[in-house]
Amino acid sequence: MINKVVKDVNAALEGITDNMTLLVGGFGLCGIPENSIAGLVKKGVKGLTCISNNAGVDDFGLGLLLQTKQIKKMISSYVGENAEFERQMLSGELEVELIPQGTLATRCLMAGLGIPFFPTPAGVGTEVAIGKEVKTITYNGETKDYLIEKAFEADFSIVKAWKGDTAGNLIFRSTARNFNEPMAMAGKITIAEVEELVEVGQLNPDQIHVPGIYVNRIFKGEQYEKRIEQITVRKRG
Amino acid sequence: MLDKNGIAKRIAKEVKDGMYVNLGIGIPTLVANYIPDGVNVVLQSENGILGMGPFPFEGEQDADLINAGKQTVTLLPGSSIFSSAVSFGMIRAQRVHLTILGAMEVSENGDIANWKIPGKMVKGMGGAMDLVASAKNIIVAMQHVNKAGESKLLPKCELPLTGINCVKKIVTELAVLDVLPQGGFRLLERAPGVSVEQIKNATAGKLVVEGEIPEMIL
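In order, the protein sequences belong to chains E and F. For our numbering, add 654 to where a residue sits in the first sequence, where the first one is 1. For our numbering, add 2 to where a residue sits in the second sequence, where the first one is 1.
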């Protein structure tokens, strides 16, 4: 087996330089690559374009890279809950492109499937359609307009999985799977940080979510805070 | 007049046995509390759950298990987990039967605006554009008028659109209305104690009133 293991986060982030485009996994704070984000802050690379469903909160997740002004542009579907983000966006320091969530996920998946563009009805007739090609397609007896959207072309993908093996095979846990799965398939170089790194042969091949062919570098994250954005509970009884 | 829970309760009557349903944030989330026993539905959360359950018991919350509103939730027996790509795939492929979501404005031809107030609020569309572009049945849960007292049921939306010609039904604190295929809001039911006159006054778009309008049964 090809060994994808790198010794630490610094080795994993090797080659990421100013002005690159990064896909960053997670939904809200769920399943974000915490160790890699901390590593990017330390590395100090600037002018980044980050493609991620959300932008973290003020003091966690991608919010950390916003605080240090390392992000030039965000491509996301939902960016509430982050005051510093809002401030930078309104002042014009930060460029923001908001796109539909399904379009974002599919632009990742298509990059991993080698399909350069695809039609989707999301955003037809809205400002998302401005400047995009529209095609009228009949499918399953229904004729409607579709926007032609492009697969992402990103320099690096940075994802977080629950378990991975030394060959780069990944398994996610619960809804921390979210964007991590399609993003892991999408980068020119994919970096995966995992909670548990095991030897080959210890994961059931039938249960792998992302085959190791998509993963270039894998490492065990030093620690995970796994912060919860909104704790909602019910009382017993 | 209905409160938020009343709106949710009325919408719950539209949820039929065997449906896969996506509930948006706000009033739509409350609908889950009023689905009658014996009506088996599966709730979809677009971050990758089918079979979403209630909030966890105190101390049992799991950082890896949240809904699309980023709240901690649980899974019911028979649930499944999948990626965001597959989640929106099943939405686009129209496997999800019913979408219930909130709105800032709805127009008489079924356009909806709910993601942006230029210069004021820019949080993003999240999954709303994908949902409204593909769902066959869309019910909007909202207040009939905004905080300034202006109607949210308009001839034409003024805010940036989320989707076009897509809303089928609207439930507000005053009424249940259908969006007619040829355009216009058809009044179906009045909220308890609300007159047709009150609904007319609160509706800026074309309102179609045919015959006696029954009071809704909750």
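From the three backbone atoms N, C-alpha and C, an ideal C-beta is built for every residue, glycine too. A quick note: this is a predicted structure, and the numbers were derived from the prediction, not measured.
Task: Test: F/Glu107 CB closer than 8 Å to a CB of chain E - done: no
- [ ] Mind checking who E/Gln884 pairs with in its DSSP beta bridge?
- [x] F/Gln73
Open item on the list: Quick test of the definition: if touching needs 3 or more C-beta pairs under 8 Å, does the stretch 666–679 of chain E touch the stretch 802–814 of chain E?
Closed with: yes
Open item on the list: Using only CA atoms, which one of F/Ser89, F/Ile29, F/Glu62, F/Ile27 lies nearest to F/Gly53?
Closed with: F/Ser89
- [ ] With a floor of 3 residues, list each beta strand (DSSP E) that falls wholly inside the stretch 768–821 of chain E, ordered by position along the chain.
- [x] 771–774, 788–793, 796–804, 810–819
Task: Of the residues E/Phe806, E/Met764, E/Phe714, E/Ala692, the one placed nearest E/Glu883, counting alpha carbons only - done: E/Phe714
Open item on the list: Applying the 10 Å Cβ sphere with the 16-neighbour rule, what's the burial state of E/Gly745?
Closed with: Checking the sequence, you will find Ser at residue 745 of chain E rather than Gly. The residue in question, E/Ser745, is exposed, as its Cβ has fewer than 16 Cβ neighbours within 10 Å.
- [ ] Decide if the stretch 683–702 of chain E is in contact with the stretch 712–727 of chain E; the criterion is three or more beta carbon pairs, one per stretch, under 8 Å apart.
- [x] yes
Task: For F/Asp180, three-class secondary structure by DSSP - done: strand
TODO: Could you tell me which residues DSSP pairs with F/Ser82 in its beta bridges?
DONE: F/Leu52
Open item on the list: Beta-carbon within less than 7 Å of E/Ala815's beta-carbon, same chain only, minus the 5 sequence neighbours each way: which residues are those?
Closed with: Leu824, Ile825, Phe826, Asn834, Ala846, Val848
Open item on the list: For F/Phe57 and F/Leu78, I'd like the C-alpha separation in whole angstroms.
Closed with: 11 Å
Open item on the list: By DSSP's criteria, F/Asn24 is part of a beta bridge. Which residues make up the other side?
Closed with: F/Gln46, F/Thr101
Task: Straight-line gap, E/Gly682 to E/Ala765 (C-alpha atoms, nearest Å) - done: 22 Å
Task: For F/Lys202, the three-state DSSP class (helix, strand or coil) - done: helix
Open item on the list: Below 8 Å on the Cβ atoms is my contact criterion, and I expect E/Asn858 with E/Lys658 to pass it. Report the Cβ-Cβ distance as a whole number of Å.
Closed with: Incorrect: roughly 19 Å between the Cβ atoms, too far for contact.
Task: Test item: CB-CB of F/Ile68 and F/Asn49 under 8 Å - done: yes
- [ ] With a 10 Å radius around its C-beta and 16 neighbouring C-beta atoms as the bar for buried, classify F/Phe59 as buried or exposed.
- [x] exposed
Open item on the list: Between the stretch 121–141 of chain F and the stretch 93–113 of chain F, can you find at least three pairs of beta-carbon atoms closer than 8 Å?
Closed with: yes
Open item on the list: Please list the terminal residues of the continuous beta strand (DSSP E) segment that includes F/Ile141.
Closed with: 139–143
Open item on the list: Are the CB atoms of F/Ala206 and F/Arg192 within a distance shorter than 8 Å?
Closed with: no
TODO: Decide if F/Ala130 is buried, meaning its Cβ has at least 16 other Cβ atoms within 10 Å, or exposed.
DONE: buried
Open item on the list: Suppose contacts are defined by Cβ-Cβ distances below 8 Å. Is E/Val711 in contact with F/Gln63 by that definition?
Closed with: no
Open item on the list: What residue range does the beta strand (DSSP E) around F/Val108 cover?
Closed with: 107–109
TODO: Could you give the DSSP three-state label for E/Phe826: helix, strand or coil?
DONE: coil
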